[in-house]
Each structure stands twice: as structure tokens, then as C-alpha cells.
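Numbering (my numbering), first residue to last: 99 to 451. Report on one structure; see the data block that follows.
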Amino acid sequence: MNVKKITTHHLFTLLIVAVVSAVTVSFINFNIENTSVVVISQPTKSTSNSAEVSTTQYVLGYESKHGGLPDSLRGTTIENALLVDAEGHLIISTDIKDLFDYFLSTISEEDLDTILLRIDEYLNHYLQEPALSESKAILVQYVEFKYSLMALEQELGDALALMSQQDKVNGGYLKFLRKQMDQRNALRVQHLDLAVYEAFYEDEQRYDEYTYSKLLVTSDKSLSASERLEKITEFQLALPEDVRKSIRETQITDELKIRTEKLLADGGDQEQVRELRREMFGDEAVQRFDELDQQRAQWQARINTYLIQRANILSNQGLAKDELNMQVDALRASLFDELEQIRVRSIERNAKV
Numbered sequence: 099m100n101v102k103k104i105t106t107h108h109l110f111t112l113l114i115v116a117v118v119s120a121v122t123v124s125f126i127n128f129n130i131e132n133t134s135v136v137v138i139s140q141p142t143k144s145t146s147n148s149a150e151v152s153t154t155q156y157v158l159g160y161e162s163k164h165g166g167l168p169d170s171l172r173g174t175t176i177e178n179a180l181l182v183d184a185e186g187h188l189i190i191s192t193d194i195k196d197l198f199d200y201f202l203s204t205i206s207e208e209d210l211d212t213i214l215l216r217i218d219e220y221l222n223h224y225l226q227e228p229a230l231s232e233s234k235a236i237l238v239q240y241v242e243f244k245y246s247l248m249a250l251e252q253e254l255g256d257a258l259a260l261m262s263q264q265d266k267v268n269g270g271y272l273k274f275l276r277k278q279m280d281q282r283n284a285l286r287v288q289h290l291d292l293a294v295y296e297a298f299y300e301d302e303q304r305y306d307e308y309t310y311s312k313l314l315v316t317s318d319k320s321l322s323a324s325e326r327l328e329k330i331t332e333f334q335l336a337l338p339e340d341v342r343k344s345i346r347e348t349q350i351t352d353e354l355k356i357r358t359e360k361l362l363a364d365g366g367d368q369e370q371v372r373e374l375r376r377e378m379f380g381d382e383a384v385q386r387f388d389e390l391d392q393q394r395a396q397w398q399a400r401i402n403t404y405l406i407q408r409a410n411i412l413s414n415q416g417l418a419k420d421e422l423n424m425q426v427d428a429l430r431a432s433l434f435d436e437l438e439q440i441r442v443r444s445i446e447r448n449a450k451v
């Protein structure tokens, strides 16, 4: 296989892609690309070479020649799913894209030369020929696709900025989304081999089409609620089974919420709520819901206690505002851990207390 070399031009263009992607607004949640990463306890940070070697050994499975990993990768493990067939050829899957994105996600922490050297080192460690050359050829295709995508997103972003609010409301926004999808998909076909394109993006594009079709239906005022539901259900049939299952789970959860609220509004009690949960999810789920209810009740009790004590502090007319705020901060820190304090501050802002 004739493998292209990743040149300085590719490195530069990938940098531009990363910068523009950081400021480009996504108008539909087009199944954002994420790497399969298992987060574990964060290792103790150290500036020593031995600590860096230990970290790369733990995360990557080998000692990297390119120094310690960026902070964002420390405390993670990468799910190595690079597979080959009986003849040693690479089995193409989204795991390859996830691997590339895993390293490329550190673009703000280290230079592109180092990032691509890390990917090359990883591929060399885990693959042999012919899979090794095949994986590097795919990396070149992927980088070139990202470069073209950057130019497209910049062009479309400029076009959207010029669109009036009236045009957006009158269907221009949906037409823009259609154009965005079609042109992005065309770039994928242009830059990626067919097998790579299908493995990386086929399922994602099916979901994109479902999402867009759903937007069209929900914005069509000529359809009744039942007609909209019927059409959306029909669209779901084109999705992979695992995606349909996820959608059904979301829908049934929403249905439970609606039916529970109606039951309680009609005078129902907690035992009737439990029966409703049993009917919809089964006996085992009832116990999990009970545990969740208990956790929520305990949390709400803690919040109520805090808000009462906070109100007492703020009602003290003899102290300056800064002193009152300091006492509130101290109270919050004494009752909640750091993550909980973020939630508490949000509750305070939303409740304007």
C-alpha cells in the first residue's frame, strides 16, 4: 500500500481545524465525536521523568518516547480496539476514529508534531504490516477531511451570520441545516475511502437524517400531534437497533414523568406511583426508583436546611455585605463538598434566594 506522508502542511491545517472548530457553533447535535475513555482515579501529578514514564505506561501500555501525556489524558485509559483479520489487514471501525480523536483532543496542550508522533508511536506499538500502513493511510485521509471541513464550516458560519431572523423563522434555518449536512457528507465521501466512510459515519448520518426529519415534522403546523408522532415513529425504523432502543428508553422515561405528574395531580399517592413504575419497568426497577427517591429526599432535606441557615445569616442587619457573603460561603463549604457546592450555587441563582 502506498502510504502518504503526513507533511508540515497537514500539521498546519489540522491546527486551523482545531482553532476554528473551537469557535464554530453546532446548530444540531450531530452526534458529536467522542473517544471511548474509561475515567479512573487521577494519578498524583509529578514533574519527574519517572512519573511521566509511569503515566504513559499506565495509560498507553508502553513507555512513550515523547514525554509525559498532557494533563487532560492523565487518569484515563484508552480502549484499544484495533483489530486485524486473519490475513493481518486492519478491520476498519469507529474505534480507529476514536483513537485519533483521543490524541487530537489535546491540541490546546501540546504541538501537533508531538500529537501525530504519539499517534504514530501508538500504531507502531500495537499493529504490524499490512494493518500498520493501512492505519497510517487512514490517518492522512482523516486529517485532510478535517481541513476541508474547517473551510466549509467557516463559509457556512459566515452565511448564517448574514441570514436575518425573519429568514430563519420562515424556513431558511432548516434549509441551512440541510445544506450543512449535505456538504459535510460530500466531504466525507470525497476524502475517505468508502470502507472508512461507512465505518466512521454511516450510523451517524442515519441519526442525522432522523434528527433533521424530526425537526421538519415538529415544525409543520399542518400536522396534528398524532400525525407527527406517527411520522417520527416511521423515521425511527431507519435507525440502527441500538439507537432505536436508546430513543425508546428516553421516550418511556418521559412518558413515566408525565403520567406520574398527572397521577399525583389527580390525588394519587406514592404507592400508586410505585405501581405505575412496576407496570412500565418491572419489579427490579421499582426498587431502583425507591432508592433514587430516597437519595433525592435526603438531598432536598440538606438543601432546605442550608437555605434556612443561609437566610438567617443574611437577615443579620449588623454586618456588612462582604462579611455576610463570607459567612454564607463558609456555611456552604461546611455542608457540601466541592461538586455539591456547584449545584447549590446553581440552586441559589435559579431560586434568587
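Even glycine gets a Cβ: it sits at the ideal position worked out from N, Cα and C.
Practice task
Any chance you could list the beta strand (DSSP E) runs of at least 3 consecutive residues sitting entirely within the stretch 338-362, in chain order?
Solution key: none
Practice task
Measure from the alpha carbon of Gly186 to the alpha carbon of each residue in Gln396, Ser344, Lys419 and Ser231, then state which is nearest.
Solution key: The sequence position of residue 186 within the sequence shown is 88, counting from 1. Selected option, being the one with the closest Cα: Ser231.
Problem - Three or more C-beta pairs below 8 Å linking the stretch 350-359 and the stretch 367-376 - result: yes
Practice task
Tell me, please, whether the stretch 332-342 touches the stretch 303-317 by the rule of three or more beta-carbon pairs shorter than 8 Å.
Solution key: Judged by Cβ distances under 8 Å, the stretch 332-342 makes contact with the stretch 303-317, as three or more pairs qualify.
Handout entry: Own chain, CB closer than 7 Å to Val384, minus 5 neighbours either side, in chain order
Key = Counting from one through the sequence shown, the residue named residue 384 turns up at place 286. Taken in chain order, the residues that qualify are Arg372, Arg375 and Arg376.
Exercise for the section: Consult DSSP for Thr175 and reduce its assignment to one of helix, strand or coil. Expected result: As a first step, residue 175 is located in the sequence shown; it is residue number 77 there, counting from the start. Thr175 falls in the strand class under three-state DSSP.
Problem - Inter-residue spacing [alpha-carbon to alpha-carbon] between Glu177 and Leu412 - result: Locating residue 177 in the sequence shown gives position 79, where the first residue counts as 1. Locating residue 412 in the sequence shown gives position 314, where the first residue counts as 1. In a straight line, the C-alpha of Glu177 is about 51 Å away from that of Leu412.
Exercise for the section: Look at the alpha carbon of Lys329 and the alpha carbon of Leu167, and state the distance between them as a whole number of angstroms. Expected result: Residue mapping note: residue 329 aligns to position 231 of the sequence shown, counting from 1. Residue mapping note: residue 167 aligns to position 69 of the sequence shown, counting from 1. Distance between the alpha carbons of Lys329 and Leu167 is about 48 Å.
Exercise for the section: Under the assumption that Phe333 contacts Leu290 (Cβ atoms under 8 Å), give the Cβ distance between them as a whole number of angstroms. Expected result: Within the sequence shown, numbered from 1, the residue matching residue 333 stands at position 235. Within the sequence shown, numbered from 1, the residue matching residue 290 stands at position 192. Contact doesn't hold; Cβ gap of about 26 Å is too wide.
Practice task
May I have the straight-line CA-CA distance separating Val294 from Gln226, to the nearest angstrom?
Solution key: For this step, residue 294 is matched to residue 196 along the sequence shown. For this step, residue 226 is matched to residue 128 along the sequence shown. Distance between the alpha carbons of Val294 and Gln226 is about 19 Å.
Problem - At least 3 beta-carbon pairs within less than 8 Å: the stretch 418-428 vs the stretch 397-404 - result: no
Exercise for the section: Spell out the partners DSSP gives Leu181 in its beta bridges. Expected result: Numbered from its first residue, the sequence shown carries residue 181 at position 83. Beta-bridge annotation (DSSP): Leu181 is paired with Ile189.
Exercise for the section: Verify whether the separation of the beta carbon atoms of Leu158 and Tyr220 is less than 8 Å. Expected result: Translated into the one-based positions of the sequence shown, residue 158 becomes position 60. Translated into the one-based positions of the sequence shown, residue 220 becomes position 122. Yes.
Problem - Simplified DSSP assignment, three categories, for Asn129 - result: On the sequence shown, position 31 is the one that residue 129 refers to. Note that Asn129 has pLDDT 35, beneath the 50 cutoff, so the model's placement of it is unreliable and no number is given.
Exercise for the section: In the DSSP assignment, find the alpha helix (DSSP H) that holds Met279 and state where it starts and stops. Expected result: As a working note, residue 279 is residue 181 in the sequence shown. From DSSP, the alpha helix (DSSP H) with Met279 extends over Tyr271 to His289.
Problem - Helix, strand or coil at Ala431 [DSSP, three-state] - result: Indexing the sequence shown from 1 puts residue 431 at position 333. Helix at Ala431.
Handout entry: For Asn423, the three-state DSSP class (helix, strand or coil)
Key = Position 325 of the sequence shown, counting from 1, holds the residue named residue 423. Asn423 falls in the helix class under three-state DSSP.
Handout entry: Same chain, Cβ closer than 7 Å to Asn283, neighbours up to 5 away in sequence not counted
Key = Taking the first residue of the sequence shown as 1, we reach residue 283 at position 185. Answer for Asn283: Gln303, listed in chain order.
Problem - Burial state of Ile350 (16 or more Cβ within 10 Å) - result: Taking the first residue of the sequence shown as position 1, residue 350 is located at position 252. Label assigned to Ile350: exposed.
Problem - Between the CA atoms of Ile213 and Ile205 - distance to the nearest angstrom - result: Position 107 of the sequence shown holds residue 205. Position 115 of the sequence shown holds residue 213. Roughly 8 Å separates the two Cα atoms.
Exercise for the section: Measure the C-alpha to C-alpha separation of Leu354 and Gln392 and round it to an integer number of angstroms. Expected result: Taking the first residue of the sequence shown as 1, we reach residue 354 at position 256. Taking the first residue of the sequence shown as 1, we reach residue 392 at position 294. Each residue's alpha carbon lies about 18 Å from the other.
Practice task
Buried or exposed for Ser262, please, with buried defined as at least 16 other CB atoms from any protein chain shown within 10 angstroms of its CB.
Solution key: Position 164 of the sequence shown, counting from 1, holds the residue named residue 262. The residue in question, Ser262, is exposed, as its Cβ has fewer than 16 Cβ neighbours within 10 Å.
Problem - Residues of its chain near Leu254, where Cβ-Cβ distance is below 8 Å and the 5 sequence neighbours each way are ignored - result: As a first step, residue 254 must be located in the sequence shown, where it is residue number 156. The answer, listed in chain order, is Phe274, Lys277, Gln278 and Gln281.
Practice task
Taking the CB atoms as reference points, tell me whether Leu470 and Leu272 lie closer together than 8 Å.
Solution key: Nothing can be reported for residue 470, as the shown portion of the chain is limited to 99 through 451.
Problem - Per-residue burial, Leu202 [other beta carbons within 10 Å of its own, 16 or more giving buried] - result: Counting from 1 along the sequence shown, the entry for residue 202 is found at position 104. Counting Cβ neighbours within 10 Å, Leu202 comes out buried, since at least 16 surround it.
Problem - Assigned exposure category for Lys419 - 16 Cβ within 10 Å defines buried - result: Taking the sequence shown and counting its residues from 1, the one referred to as residue 419 is at position 321. Lys419 is exposed by the Cβ-count criterion.
Handout entry: Cα-Cα separation, Gln155 to Ser170
Key = The residue given as residue 155 occupies position 57 in the sequence shown. The residue given as residue 170 occupies position 72 in the sequence shown. Spanning the two alpha carbons is a distance of roughly 16 Å.
Exercise for the section: List the endpoints of the continuous alpha helix (DSSP H) containing Val371. Expected result: The residue labelled residue 371 in the question sits at position 273 within the sequence shown. That run of the alpha helix (DSSP H) goes Gln368 to Phe379.
Handout entry: Cβ of Glu307 within 8 Å of any chain B Cβ
Key = No chain B is present in this structure, which holds just one protein chain.
Practice task
Look at Leu188 and Ile217 and say whether their C-beta atoms are less than 8 Å apart.
Solution key: For the purposes of this step, residue 188 is taken as residue 90 along the sequence shown, with counting starting at 1. For the purposes of this step, residue 217 is taken as residue 119 along the sequence shown, with counting starting at 1. It is not a contact, given that the beta carbons lie outside the stated cut-off.
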